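Chemist: Sending over a structure as structure tokens; questions will come in a sec.
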Amino acid sequence: MTQATADLYDEFGDDLQSVSLQLRSFGGRPAFEGPIRTIRCFEDNALVKTTLATPGDGAVLVVDGSGSLNTALMGDMIAESAVAGGWAGVVIHGAIRDSVAIGGLELGVKALGTNPRKSAKLGAGEVDVDLEFGGVVFRVGKRLYADEDGILVER
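If you want it as structure tokens, here you go:
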């Protein structure tokens, strides 16, 4: 990433949305950016796994897990496939697991927290739909910028 989120906001202001939700940084790449892809799922990570196994081409996957911390929506094996597929990052409104291993990967990861418990694998959910959490609307193709200060999204 070439510019800090604070500088981007100073330059572009209301053209950017700022995520008010305080997500923690877990990945080995604290600053990342890219076009958005989305998934809405609840305590079921099958769509996350299959999506991150496809070529990411520098995209950021935004996952709305309804803020559930009951099960993890991503672990180290899924994160490794994201790195191999060229994804820039993953933003999860929910939990991850294997946080130490994920911290060693060249991948941006923001999530609410951690839980070692596996999620369901039924494939329930929706891909490439508009999401809304943290006061921001996430639309497929819009650009997301993340660093240690937070997350900004194009309107």
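Heads up: the sequence shown begins at 15 in our numbering, then just goes up one per residue. Ideal placement from N, C-alpha and C gives every residue a C-beta, glycine not left out. Quantities reported herein were computed from a predicted structural model and do not represent experimental measurements.
Inspect the beta-carbon positions of Leu87 and Asn59 and report whether they are closer than 7 Å.
Modeler: For the purposes of this step, residue 87 is taken as the residue at position 73 of the sequence shown. For the purposes of this step, residue 59 is taken as the residue at position 45 of the sequence shown. Result yes, Cβ atoms of Leu87 and Asn59 sit closer than 7 Å.
Chemist: Nearest by alpha-carbon distance to Glu162: which of Phe40, Asp28 and Phe26 is it?
Modeler: By 1-based counting over the sequence shown, the position of residue 162 is 148. It is Phe40 whose Cα lies nearest to the Cα of Glu162.
Chemist: Comparing alpha-carbon positions, which option in Leu75, Ser80 and Gln17 lies nearest Ala102?
Modeler: On the sequence shown, position 88 is the one that residue 102 refers to. Of the listed residues, the one whose Cα sits closest to Ala102 is Leu75.
Chemist: Quick one, which of Gly81, Gln31 and Ile116 has its alpha-carbon nearest Ile106's?
Modeler: As a working note, residue 106 is residue 92 in the sequence shown. Sorting Gly81, Gln31 and Ile116 by C-alpha distance to the C-alpha of Ile106 places Gly81 at the top.
Chemist: Taking the Cβ atom as the reference point for each residue, do Thr64 and Gly164 lie within a distance shorter than 7 Å?
Modeler: Taking the sequence shown and counting its residues from 1, the one referred to as residue 64 is at position 50. Taking the sequence shown and counting its residues from 1, the one referred to as residue 164 is at position 150. Not a contact, by the Cβ cut-off of 7 Å.
Chemist: Rounded to the nearest angstrom, how far is the Cβ of Gly10 from that of Gly42, given a contact under 8 Å?
Modeler: Past the edges of the chain, shown from 15 to 169, lies residue 10, and the structure says nothing about it.
Chemist: Check the DSSP bridge columns for Phe152 and list the partner residues they point to.
Modeler: Against the sequence shown, residue 152 aligns to sequence position 138. In DSSP, Phe152 forms a bridge with Leu145.
Chemist: With a threshold of 8 Å on Cβ separation, who are the neighbours of Val97 within its own chain once the five nearest residues in sequence on each side are excluded?
Modeler: For the purposes of this step, residue 97 is identified with residue 83 of the sequence shown, where counting begins at 1. Around Val97: Leu119, Glu120 and Leu121.
Chemist: Name, in chain order, the residues that DSSP records as bridge partners for Thr68.
Modeler: Taking the sequence shown and counting its residues from 1, one reaches residue 68 at position 54. The partner list for Thr68 (beta bridge, DSSP) is empty, contrary to what the question assumes.
Chemist: Can you tell me which of Asp29, Ala67, Thr16 and Ala134 puts its alpha carbon nearest to the alpha carbon of Val150?
Modeler: Indexing the sequence shown from 1 puts residue 150 at position 136. Measuring from the Cα of Val150, the nearest candidate turns out to be Asp29.
Chemist: Contact defined as beta carbons within less than 8 Å: I believe Phe56 pairs with Gly79. What is the distance between those atoms, to the nearest angstrom?
Modeler: Your numbering for residue 56 matches position 42 in the sequence shown. Your numbering for residue 79 matches position 65 in the sequence shown. That pair is a contact at about 6 Å.
Chemist: Within the continuous beta strand (DSSP E) that includes Glu162, where are the two ends?
Modeler: Position 148 of the sequence shown, counted from the first residue, corresponds to residue 162. Glu162 -> no beta strand (DSSP E), and no H or E assigned at all.
Chemist: Over the uninterrupted beta strand (DSSP E) stretch that includes Thr128, give me the two end residues.
Modeler: Within the sequence shown, the letter at position 114 stands for residue 128. From DSSP, the beta strand (DSSP E) with Thr128 extends over Gly122 to Thr128.
Chemist: Taking the alpha-carbon positions, what's the Ile116 to Asp24 distance?
Modeler: On the sequence shown, position 102 is the one that residue 116 refers to. On the sequence shown, position 10 is the one that residue 24 refers to. Taking the CA atoms as reference points, Ile116 sits about 31 Å from Asp24.
Chemist: Cβ of Leu145 within 7 Å of Cβ of Thr52?
Modeler: Taking the first residue of the sequence shown as position 1, residue 145 is located at position 131. Taking the first residue of the sequence shown as position 1, residue 52 is located at position 38. Yes, the Cβ-Cβ distance between Leu145 and Thr52 is below 7 Å.
Chemist: Would you give the residue range spanned by the beta strand (DSSP E) that Ser32 belongs to?
Modeler: Taking the first residue of the sequence shown as 1, we reach residue 32 at position 18. Here the beta strand (DSSP E) through Ser32 covers Leu30 to Ser32.
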